[in-house]
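Enquirer:
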């Protein structure tokens with residue numbers, strides 16, 4: 034199908050679940066057939082006229098069958114996000130959610146989350162997003178904003194009225210209740226109890242595999258695809274960082290590699 038629809042990109046996430054080591058006791062006949070068929074199909078992906086890129090991602094590269102590794106011309110280890118990447122990821126996960134964080138606040142968060150994976154940062158932000166909701170639910174004082182919305186306030190705050198969220202809702206004002214914007218205080222609360230999920234042992238496993246079979250790369254480079262002639266790219270790394278890289282690779286591939294192939 035990919036060849037018929039070429040130019041195209043195929044992304045296989047958690048490829049280890051399909052292509053584990055052969056000969057394992059729990060391997061089924063169906064699993065063996067899938068691996069064999071994938072190997073057969075991969076043999077033809079390397080021809081430049083196919084215009085097909087296969088991208089695989091895994092958190093456990095050592096679990097892959099060695100025959101599956103071979104067709105992937107590029108094997109790239111994606112380490113934990115660095116300072117700049119973590120800072121960017123906080124912004125991405127917050128998206129358009131109202132907040133009052135400054136650029137300095139984002140930099141501070143990035144420094145505080147050294148050793149965090151992309152998944153850890155995602156969990157952190159999701160938890161922080163609930164803080165305004167919790168604050169609104171627990172508030173006993175609200176004040177009315179100039180545009181007619183009701184926000185949680187402090188007891189001695191000017192214009193604050195002693196009323197709960199439930200009472201506002203009972204008065205038909207549920208749609209007028211506005212949670213406060215995300216603040217650095219919310220992140221401080223969450224980070225005080227959250228710890229990174231990636232340990233030293235996890236890193237050592239990936240680093241050993243990289244020394245033996247692959248190369249390290251934190252950012253995408255044109256050379257990663259050998260100018261567009263490679264059959265596939267195998268990425269491995271740590272929990273939550275691969276999906277965004279996969280999207281970058283596919284987008285870059287579609288926008289650049291196929292254009293160059295069409296012009297040949």
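In the working numbering, the protein residues as written are 34 to 297. Glycine included, each C-beta is placed from N, C-alpha and C at the ideal position. Fair warning: this is a prediction, and the values are worked out from it, not measured in the lab.
1. For residue 204, count neighbouring Cβ atoms within 10 angstroms of its own Cβ and tell me buried if that reaches 16, exposed if not.
2. Determine the extent of the beta strand (DSSP E) in which residue 184 is found, giving its start and end residues.
3. For the alpha helix (DSSP H) holding residue 243, just list the boundary residues, first then last.
4. Provide the residue(s) that pair with residue 41 in DSSP beta bridges, ordered along the chain.
5. Identify whether residue 172 lies in helix, strand or coil by the three-state DSSP scheme.
6. Since residue 133 and residue 214 are thought to touch, with beta carbons under 8 angstroms apart, how far apart are those beta carbons, to the nearest angstrom?
7. Across which residues does DSSP place residue 177 in a beta bridge pair?
8. Are residue 53 and residue 96 closer than 8 angstroms when you measure CB to CB?
9. Taking the alpha carbon of residue 181 as the point to measure from, which residue in 167, 193, 166 and 209 has its own alpha carbon closest?
10. Which term fits residue 63, buried or exposed, when burial requires 16 or more other beta carbons within 10 angstroms of its beta carbon?
11. Check whether the segment 63 to 76 and the segment 34 to 54 touch, using three or more Cβ-Cβ pairs below 8 angstroms as the test.
12. Out of curiosity, what's the CA-to-CA distance linking residue 38 and residue 176?
13. Could you work out which residue in 200, 190 and 154 is closest to residue 127 when comparing CA atoms only?
14. Using a threshold of 8 angstroms, state whether the C-beta atoms of residue 2 and residue 113 are closer than that.
15. What are the complete alpha helix (DSSP H) segments, minimum 4 residues, inside the segment 65 to 134?
16. Tell me which same chain residues have a C-beta within less than 6 angstroms of the C-beta of residue 255, skipping the five on either side of it?
17. In the structure shown, what three-state DSSP assignment does residue 54 receive?
18. Classify residue 210 as helix, strand or coil using the three-state DSSP reduction.
19. So, residue 219 versus residue 161, is the Cβ gap smaller than 8 angstroms?
20. Out of 222, 192, 174 and 140, which has the shortest C-alpha to C-alpha gap to residue 200?
Expert: So, to answer that:
1. exposed
2. 183 to 185
3. 233 to 246
4. Note: residue 41 sits in a beta bridge opposite 85.
5. coil
6. 5 angstroms
7. Paired residue(s): 183.
8. Cβ atoms of residue 53 and residue 96: closer than 8 angstroms.
9. Each of 167, 193, 166 and 209 was checked against the Cα of residue 181, and the nearest Cα belongs to 209.
10. exposed
11. The segment 63 to 76 vs the segment 34 to 54: in contact.
12. 58 angstroms
13. The shortest C-alpha separation from residue 127 is found at 154.
14. The displayed coordinates of the chain run from 34 to 297. Any statement about residue 2 would go beyond what the structure contains.
15. 99 to 102 and 116 to 127
16. Because the pLDDT at residue 255 is just 40, under 50, the model does not fix this residue reliably, and the point stays unresolved.
17. coil
18. strand
19. yes
20. For the residues 222, 192, 174 and 140, the minimum Cα distance to residue 200 belongs to 174.
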